[in-house]
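In what follows, a single structure is set out as C-alpha coordinates and then discussed.
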Amino acid sequence: MRTNLRAFAIGILFATGVMGLAYSIVSAGATTLNDESIRAYAEENELHLLTKTEYNELLPAIDPVEEVKEEPKEEVTEEKKDDEGKKEEEEVEEKEESNEPFEIVIPDGMATYEITALLAREGIIEDDKEFDEYLEDRDIATKVRSGTFTMKKGMSYKEAAEVLIK
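Numbering-wise (my numbering), the sequence shown opens with residue 16 and increments by one.
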(Lines of atoms letter the chains of each structure in order from A; the text may use other names.)
(Lines give C-alpha, C1' and ligand atoms only; values in the text may rest on other atoms or scores of the structure.)
Protein backbone atom coordinates (compact mmCIF):
# COMPACT_ATOMS: atom_id res chain seq x y z
CA MET A 16 0.00 0.00 0.00
CA ARG A 17 2.77 2.43 0.89
CA THR A 18 4.56 1.72 -2.35
CA ASN A 19 1.45 2.43 -4.38
CA LEU A 20 0.83 5.71 -2.54
CA ARG A 21 4.44 6.83 -3.05
CA ALA A 22 4.30 5.93 -6.75
CA PHE A 23 1.05 7.90 -7.11
CA ALA A 24 2.56 10.95 -5.37
CA ILE A 25 5.68 10.81 -7.54
CA GLY A 26 3.47 10.56 -10.64
CA ILE A 27 1.53 13.67 -9.63
CA LEU A 28 4.73 15.61 -8.94
CA PHE A 29 6.17 14.54 -12.29
CA ALA A 30 2.98 15.51 -14.17
CA THR A 31 2.92 18.90 -12.43
CA GLY A 32 6.54 19.53 -13.40
CA VAL A 33 5.90 18.61 -17.05
CA MET A 34 2.85 20.87 -17.21
CA GLY A 35 4.75 23.76 -15.59
CA LEU A 36 7.57 23.38 -18.09
CA ALA A 37 5.13 23.26 -21.03
CA TYR A 38 3.31 26.35 -19.76
CA SER A 39 6.53 28.33 -19.39
CA ILE A 40 7.61 27.41 -22.93
CA VAL A 41 4.26 28.33 -24.47
CA SER A 42 3.81 31.55 -22.49
CA ALA A 43 7.32 32.76 -23.36
CA GLY A 44 6.21 33.26 -26.98
CA ALA A 45 2.96 35.04 -26.01
CA THR A 46 2.78 38.81 -26.18
CA THR A 47 0.68 41.15 -24.12
CA LEU A 48 -1.80 43.50 -25.71
CA ASN A 49 -1.05 47.19 -25.77
CA ASP A 50 -2.47 50.13 -27.70
CA GLU A 51 0.05 49.80 -30.52
CA SER A 52 -0.62 46.10 -31.12
CA ILE A 53 -4.38 46.68 -31.05
CA ARG A 54 -4.13 49.51 -33.57
CA ALA A 55 -1.86 47.40 -35.81
CA TYR A 56 -4.32 44.48 -35.67
CA ALA A 57 -7.21 46.82 -36.51
CA GLU A 58 -5.35 48.26 -39.51
CA GLU A 59 -4.37 44.82 -40.81
CA ASN A 60 -7.95 43.59 -40.63
CA GLU A 61 -9.53 46.87 -41.80
CA LEU A 62 -11.35 47.42 -38.52
CA HIS A 63 -12.39 50.72 -36.96
CA LEU A 64 -11.62 51.56 -33.33
CA LEU A 65 -14.19 53.55 -31.35
CA THR A 66 -13.65 55.91 -28.48
CA LYS A 67 -15.85 55.52 -25.42
CA THR A 68 -17.90 58.56 -26.47
CA GLU A 69 -18.46 57.20 -29.99
CA TYR A 70 -19.50 53.86 -28.52
CA ASN A 71 -22.03 55.49 -26.15
CA GLU A 72 -23.53 57.47 -29.04
CA LEU A 73 -24.07 54.25 -30.99
CA LEU A 74 -25.93 52.51 -28.17
CA PRO A 75 -29.61 52.16 -28.98
CA ALA A 76 -31.78 54.79 -27.42
CA ILE A 77 -34.63 53.28 -25.46
CA ASP A 78 -37.67 55.44 -25.82
CA PRO A 79 -40.77 54.64 -23.82
CA VAL A 80 -43.73 53.45 -25.80
CA GLU A 81 -46.63 55.69 -24.97
CA GLU A 82 -50.11 54.41 -25.45
CA VAL A 83 -52.40 56.94 -26.99
CA LYS A 84 -55.93 56.70 -25.70
CA GLU A 85 -58.48 58.58 -27.69
CA GLU A 86 -61.47 59.66 -25.75
CA PRO A 87 -64.70 60.59 -27.44
CA LYS A 88 -64.80 64.31 -27.99
CA GLU A 89 -67.67 66.25 -26.56
CA GLU A 90 -68.56 69.85 -26.93
CA VAL A 91 -67.03 71.85 -24.13
CA THR A 92 -68.56 75.09 -23.02
CA GLU A 93 -66.57 77.98 -21.56
CA GLU A 94 -67.57 77.03 -18.00
CA LYS A 95 -66.36 73.45 -18.44
CA LYS A 96 -63.06 74.69 -19.89
CA ASP A 97 -62.43 76.87 -16.84
CA ASP A 98 -63.33 74.06 -14.41
CA GLU A 99 -61.14 71.55 -16.25
CA GLY A 100 -58.23 73.99 -16.43
CA LYS A 101 -58.39 74.56 -12.66
CA LYS A 102 -58.56 70.82 -11.97
CA GLU A 103 -55.54 70.15 -14.18
CA GLU A 104 -53.55 72.90 -12.46
CA GLU A 105 -54.43 71.47 -9.05
CA GLU A 106 -53.38 67.96 -10.14
CA VAL A 107 -50.02 69.25 -11.45
CA GLU A 108 -49.39 71.12 -8.18
CA GLU A 109 -50.26 68.00 -6.15
CA LYS A 110 -47.86 65.88 -8.21
CA GLU A 111 -45.05 68.42 -7.81
CA GLU A 112 -45.60 68.74 -4.07
CA SER A 113 -45.88 65.00 -3.44
CA ASN A 114 -42.38 63.85 -4.32
CA GLU A 115 -42.99 60.69 -2.34
CA PRO A 116 -40.51 57.83 -2.56
CA PHE A 117 -41.74 54.89 -4.62
CA GLU A 118 -40.47 51.46 -5.47
CA ILE A 119 -38.94 50.68 -8.85
CA VAL A 120 -38.13 47.17 -10.05
CA ILE A 121 -34.99 46.51 -12.08
CA PRO A 122 -35.21 43.06 -13.65
CA ASP A 123 -32.30 40.64 -13.75
CA GLY A 124 -30.12 40.82 -16.87
CA MET A 125 -30.79 44.47 -17.78
CA ALA A 126 -27.84 46.33 -19.28
CA THR A 127 -26.69 49.53 -17.56
CA TYR A 128 -27.92 51.73 -20.42
CA GLU A 129 -31.36 50.08 -20.16
CA ILE A 130 -31.47 50.74 -16.41
CA THR A 131 -30.50 54.40 -16.85
CA ALA A 132 -33.15 54.79 -19.57
CA LEU A 133 -35.75 53.31 -17.21
CA LEU A 134 -34.73 55.72 -14.45
CA ALA A 135 -34.94 58.69 -16.83
CA ARG A 136 -38.35 57.54 -18.09
CA GLU A 137 -39.63 57.36 -14.50
CA GLY A 138 -38.27 60.88 -13.79
CA ILE A 139 -35.78 59.72 -11.18
CA ILE A 140 -32.82 61.18 -13.09
CA GLU A 141 -32.72 63.87 -15.76
CA ASP A 142 -30.55 62.38 -18.51
CA ASP A 143 -29.93 58.68 -18.99
CA LYS A 144 -26.78 59.06 -21.10
CA GLU A 145 -25.19 61.50 -18.65
CA PHE A 146 -25.99 59.15 -15.76
CA ASP A 147 -24.54 56.21 -17.70
CA GLU A 148 -21.33 58.21 -18.25
CA TYR A 149 -21.34 59.17 -14.54
CA LEU A 150 -21.40 55.47 -13.61
CA GLU A 151 -18.71 54.58 -16.15
CA ASP A 152 -16.41 57.44 -15.09
CA ARG A 153 -16.52 56.26 -11.48
CA ASP A 154 -16.09 52.57 -12.42
CA ILE A 155 -19.33 51.58 -10.71
CA ALA A 156 -21.41 50.66 -13.76
CA THR A 157 -20.66 46.97 -13.19
CA LYS A 158 -21.77 47.22 -9.56
CA VAL A 159 -25.36 48.21 -10.40
CA ARG A 160 -27.68 45.50 -9.10
CA SER A 161 -31.10 44.26 -10.06
CA GLY A 162 -33.97 44.20 -7.59
CA THR A 163 -36.58 46.48 -6.04
CA PHE A 164 -35.36 49.90 -4.96
CA THR A 165 -37.05 52.80 -3.16
CA MET A 166 -36.31 56.00 -5.07
CA LYS A 167 -37.90 59.38 -5.70
CA LYS A 168 -38.14 61.71 -8.66
CA GLY A 169 -35.36 64.23 -9.30
CA MET A 170 -32.59 62.40 -7.44
CA SER A 171 -29.01 63.51 -8.00
CA TYR A 172 -26.73 61.11 -9.86
CA LYS A 173 -24.79 60.45 -6.67
CA GLU A 174 -27.94 59.60 -4.69
CA ALA A 175 -29.30 57.33 -7.41
CA ALA A 176 -25.95 55.54 -7.82
CA GLU A 177 -25.70 54.93 -4.07
CA VAL A 178 -29.15 53.30 -4.04
CA LEU A 179 -28.39 51.11 -7.08
CA ILE A 180 -25.03 49.76 -5.88
CA LYS A 181 -25.85 49.04 -2.21
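Each residue gets a CB set at the ideal place from its N, CA and C atoms; glycine is no exception.
Going by C-alpha positions, K181 is about 43 Å away from A43. The three-state reading of DSSP puts M16 in coil, since its state is none of H, G, I, E or B. Bridge partners of V120 according to DSSP: T163. According to the DSSP assignment, K173 belongs to the alpha helix (DSSP H) that extends over Y172 to I180. Taking the Cα positions, I40 is about 50 Å away from A175. The alpha-carbon of K158 is positioned some 21 Å away from that of K167.
DSSP, read as helix, strand or coil, puts M34 in helix. For K144, the uninterrupted alpha helix (DSSP H) segment begins and ends at D143 to D152. Short of 7 Å from the beta carbon of G32, and not among the five residues preceding or following it, lies no beta carbon of its own chain. Here the alpha carbons of G169 and G138 stand approximately 6 Å from one another.
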